[in-house]
Structures are given as structure tokens and as C-alpha cells.
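In the numbering used here, each residue's number is its place in the sequence shown (first place is 1) plus 111. Here's the structure, in C-alpha cells; my notes come after.
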Amino acid sequence: MSFETSLKPYLNNEQSSGNFSRYSPDGIKAAASALQNPQNTYPVFHIAGTNGKGSVAHYLAEILIRSGYTTAVFTSPHLCTVHERIRINRKMIDDHTAVQIIDYIEQHCDTSALTWFDMLTLIAFEYFKRMKVDYAVIECGLGGRLDSTNICSQSDALITSISLDHTSILGNTLESITAEKAAIIKGGSVITTNRDERIIKIIEQYCKKAKAELLLPDRDYQSFCPENRTINVTVGDRLFEAIPFDSPSPVQRQNFAAALTLATTCGINLSVSILNETPFSPPHGRFELISSNPLVVYDCAHNSDAIAEMLLNITRSGYSKTTIFLSLMKDKNSEEILSQIKASGHRILYVTLSDERAWCPTESDNLTIVKPSEVASHISSDGSLNLFCGSFRLFPILADIIDKGFL
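Following this line, the structure appears as C-alpha cells:
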């Protein structure tokens with residue numbers, strides 16, 4: 112039996128509209144306790160935020176791995192397979208191990224109240240314990256306060272860029288969303304990439320309550336690029352100079368600087384030679400070149416702030432004529448996102464998804480609708496950019512096109 116098949120009994124919000132209003136972490140807390148709380152057997156770096164969580168987790172893990180530490184990573188969502196979410200030293204968990212752990216959990220715990228993400232989180236925590244990892248980099252799935260990952264007794268934290276997203280669950284103000292995400296703070300060191308005073312004020316309150324040390328961009332750490340494809344990062348009095356960095360995005364540079372700051376602040380033994388051995392690159396799915404001919408790029412941008420950055424990346428990369436293949440979920444601000452893209456002048460093709468959570472345009476949206484089976488025929492080969500974005504669930508359609516030899 113495969114990993115994904117074994118998880119099917121726990122499916123909830125991955126393939127349905129999802130109702131989080133009644134969710135309680137009591138189920139996963141009880142199950143973790145029955146497993147002797149594996150999440151408390153190794154140091155944890157906990158990451159929350161609206162945008163950039165996956166990128167920060169990727170950079171932090173890469174820094175730790177290069178420094179010689181056995182490093183676990185738990186991220187979400189995935190692009191192609193659920194195995195991507197649970198990794199140790201870049202290697203994904205295999206079917207046999209995952210299914211074995213699921214059987215073990217079901218034998219030792221009451222799993223009747225567990226959601227799909229609860230079970231996935233428990234699998235990761237138990238796997239990391241068994242493999243005796245040195246560090247675990249854990250990304251929140253949604254929010255923070257009630258997130259399945261927020262059962263660790265102690266962790267250092269990093270809070271990435273916060274903006275309005277999942278407002279029906281987390282609240283419709285920056286302050287309420289920040290409070291949900293800052294609830295992961297449990298002491299230790301806390302790094303944030305945010306500069307908005309409203310957000311920083313809330314984070315400071317949680318740090319004070321937890322007696323945590325807060326480091327802010329510009330004040331405590333900063334990054335700049337002395338030349339193309341390198342980055343300098345200062346953390347306090349320490350300068351990390353000319354680190355090879357394979358992205359022109361200022362946001363990705365900020366994410367990397369925050370990850371490096373957290374590692375430095377927490378006493379990780381870093382050497383310049385380790386940082387400079389090969390270029391750091393963003394994780395898959397972040398303005399990633401999929402094909403040069405035809406020119407195809409995928410970006411997982413799925414909210415207004417991320418879409419704005421994506422549009423800037425199109426300009427920075429020198430692309431003029433662009434077709435955007437877009438899919439969105441119902442919980443996104445589709446009106447604002449469409450307005451942003453239309454204002455950029457790029458052509459939009461809306462790709463429908465067979466997912467109850469997917470947003471479906473109406474005639475008033477004035478969009479050209481494309482079925483997944485029709486996408487390949489709409490990819491231009493005239494040298495213009497074909498950009499896929501808006502949802503992680505759009506990537507498997509692109510992967511299928513590649514598998515069938517259309518790219």
C-alpha cells in the first residue's frame with residue numbers, strides 16, 4: 112500500500128471545502144502524548160507567515176545540511192507527491208517507512224479525531240525521532256495558534272511576511288492574522304521579515320510574554336547584493352560576504368537572510384566556505400524555469416502580495432509578451448488578483464481544476480476558460496513567456512504535460 116493511499120481515510124480539507132471552525136488540536140495532542148511526544152526529542156525551528164514559509168524552510172535546511180547536521184524538514188503543500196512534505200537531508204520519506212509509521216500510530220493512538228494534516232504531522236514527528244535528526248525545520252500548515260504543528264514544547268521561530276490571506280479563518284485584519292501566527296512563539300530566538308509596525312507590535316507582545324529575543328530586519332540583520340547573483344548578509348557585527356545566490360528576487364534574498372540570521376543566532380557553526388561552496392537557489396515552484404523552448408515558468412504565487420511580487424519578477428526578467436495560466440481557490444481574493452494581472456497587460460487563460468475548493472469564474476469575469484486537457488495546445492512557442500500560477504494544484508497539470516512529451 113502506498114503512502115497516499117494509507118492517508119486517504121484522514122482526508123478532509125485537501126479535497127473538500129474544509130470546515131476549520133470546529134477544529135481542535137486536542138486530537139493530535141492526545142495522539143502525540145500516546146507516542147511519547149516525538150516532537151520534543153529534537154530541536155525545532157518553527158516557521159509561520161503568509162508568504163515565504165516554504166522558501167525560508169528550504170534555505171534554513173540547506174544551511175544546516177551544509178554545516179553537517181542531519182536536518183529534517185516538514186513543509187506544505189506539495190507540488191506533485193505528498194512525500195515531498197517530509198524530508199531528511201533532502202531525501203523524501205519512502206512509501207514503506209511512511210506506511211509502517213501510520214500502522215504504528217494507529218496501533219498506539221486513538222486516531223478517530225485526527226484530520227489528514229494531523230496524521231501527516233504525526234508521521235513527520237515520529238519519523239524524525241526514529242532517524243535521530245539533529246534539527247527539524249517545521250513549517251506551519253495554516254495560521255499557527257491552532258495549527259497541527261504547534262504542539263512542540265520549545266522552539267526557535269521565524270515569522271515571514273504577513274498579509275491578508277485565509278481571512279475567513281484567521282481574521283480580516285493584519286493584527287488578527289499576526290496574532291494567530293505569533294502564537295507559535297515559545298521563547299528562544301524569533302526572527303521576522305516583517306517591517307510593518309502594526310505587525311511588529313503584535314510579534315513584540317508575544318515575544319515579551321514568552322521571554323523570547325526578537326530580531327528585526329534592518330535593525331538586527333540586513334542583506335544587500337554587491338553584484339549580480341551574490342548576496343551579503345550582516346547579522347549584528349558579523350558579515351557573510353559574497354554568498355552565491357541564484358535569484359534576482361529581493362523577497363527571496365530577504366528570506367535567505369532571515370534563515371541565515373536564525374541559524375547564526377541559535378549558535379549553528381557556520382563557515383564562509385560552507386556557504387560559498389555552491390549557489391543557494393529558491394525551492395521548486397518559486398518563479399521556476401520549467402522549459403526554455405517553449406518558455407515556461409511556474410510560480411506558486413496564490414495571494415495578492417505574492418502575485419504582485421511575481422509580476423515584478425516578470426519585469427525584472429525582461430519578459431514582455433506573457434500568457435498567464437491561472438487557477439485559484441475559493442478562499443482567495445480573486446477579484447483583486449484578476450485586477451492586478453489585468454492591469455499588467457498580460458493575457459490570462461483561466462485553467463479549471465477538478466477540486467471542490469477551486470474558484471470558478473462567471474461570465475462577468477470576462478476570462479478565457481481552459482480545461483486541463485486543453486492547456487498544452489495553448490502554450491505558445493513563439494518565444495513569449497507562458498507563466499503558470501495561482502495554485503499548487505496547477506503544477507500537476509503542468510507535470511502531466513511534461514510527462515506526455517509536450518514540453
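Every residue gets a Cβ at the ideal spot worked out from N, C-alpha and C, and that includes glycine. Please read these numbers as outputs of a predicted model, since none were measured by experiment.
Cutoff 7 Å; reference residue i; Cβ partners in own chain excluding five residues on either side
i       : result
Ile-508 : Val-462, Pro-483 and Val-486
Gly-138 : Ala-224, Leu-225 and Asp-229
Gly-298 : Gln-265, Ala-321, Lys-322 and Ala-323
Glu-315 : Leu-325
Leu-171 : Phe-156, Val-248, Ala-370, Leu-373 and Ala-374
As assigned by DSSP and simplified to three states, the class of residue i
i       : result
Arg-340 : coil
Gln-333 : strand
Met-112 : coil
Cys-318 : helix
Ser-202 : Reading off the sequence, residue 202 comes out as Lys, not Ser. In the structure shown, Lys-202 sits in a strand (DSSP, three-state: E or B).
Thr-473 : coil
Asn-162 : strand
Arg-458 : strand
Asn-497 : strand
Arg-397 : coil
Tyr-170 : helix
Ile-249 : strand
Val-301 : strand
Pro-328 : strand
His-244 : Residue identity differs from the one stated: residue 244 is Val in this sequence, not His. Val-244 falls in the coil class under three-state DSSP.
Ala-294 : coil
Asp-214 : helix
Ala-141 : helix
Ile-490 : coil
Contact belief for residue i with residue j at Cβ below 8 Å, rounded distance in angstroms
i       : j       : result
His-189 : Arg-196 : 5 Å
Ser-450 : Leu-422 : That belief does not hold up - the Cβ atoms of Ser-450 and Leu-422 are roughly 12 Å apart, past 8 Å.
Phe-398 : Ser-431 : In fact, because the Cβ distance is near 16 Å, the residues do not count as touching under 8 Å.
Pro-355 : Pro-390 : 4 Å
Ile-313 : Glu-352 : The pair is not a contact, with the Cβ atoms about 34 Å apart (cut-off 8 Å).
Ile-273 : Ile-310 : 5 Å
Thr-479 : Leu-464 : Not a contact, Cβ separation roughly 16 Å.
Where residue i falls, given that 16 or more other Cβ within 10 Å makes a residue buried
i       : result
Gln-363 : buried
Asn-477 : exposed
Gly-494 : exposed
Glu-291 : buried
Val-346 : buried
Ser-127 : Per-residue confidence for Ser-127 stands at a pLDDT of 42, beneath the threshold of 50, marking its modelled position as unreliable; the derived number appears in the next sentence. Exposed, because fewer than 16 other Cβ atoms sit within 10 Å of the Cβ of Ser-127.
Pro-394 : buried
Lys-243 : exposed
Ile-288 : buried
Arg-133 : exposed
Ser-403 : exposed
Ser-502 : buried
Thr-372 : buried
Phe-335 : exposed
Glu-467 : exposed
Asn-414 : buried
Asp-205 : exposed
Straight-line Cα distance separating residue j from residue i
i       : j       : result
Glu-446 : Asp-348 : 45 Å
Ile-176 : Val-155 : 15 Å
Val-344 : Leu-350 : 6 Å
Tyr-409 : Thr-271 : 22 Å
Leu-146 : Ile-490 : 50 Å
Lys-140 : Arg-201 : 28 Å
Asp-331 : Pro-405 : 44 Å
Ala-374 : Ser-259 : 24 Å
Lys-515 : Val-481 : 18 Å
Gly-160 : Val-301 : 13 Å
Ser-144 : His-194 : 25 Å
Tyr-121 : Ile-280 : 21 Å
Met-440 : Thr-304 : 26 Å
Glu-388 : Gly-429 : 29 Å
Cys-377 : Lys-164 : 19 Å
Ser-475 : His-219 : 53 Å
Cys-318 : Ile-512 : 47 Å
Cutoff 6 Å; reference residue i; Cβ partners in own chain excluding five residues on either side
i       : result
Tyr-246 : Pro-154, Leu-175, Tyr-180 and Thr-182
Ile-401 : Val-407 and Tyr-409
Ile-213 : Ser-117
Ile-216 : Leu-233
Arg-427 : Pro-359
Ile-249 : Val-155, His-157, Phe-185 and Thr-260
Cys-251 : Ala-159, Asp-258 and Thr-260
Sequence-distant residues of the same chain with beta carbon closer than 8 Å to residue i, five excluded per side
i       : result
Cys-191 : Phe-506, Pro-507 and Ala-510
Ile-425 : Thr-433, Ser-455, His-457, Leu-496 and Leu-498
Ile-379 : Ile-174, Leu-175, Ser-178 and Tyr-180
Ala-419 : Gln-451
Gln-333 : Val-344, Thr-345 and Ala-368
Gly-255 : Ala-159, Asn-261, Glu-291, Lys-292, Ala-293, Ala-294 and Ile-295
Ala-142 : Ile-216, Cys-220, Asp-221, Thr-222, Leu-225, Asp-229 and Leu-233
Residue i Cβ short of 7 Å to the ligand MN heavy atom set
i       : result
Ile-213 : The ligand MN is not part of this structure, which contains no ligands at all.
Interface flag, residue i vs chain D, CB-CB below 8 Å
i       : result
Asp-214 : In the structure shown, chain D cannot be found, because there is only a single protein chain.
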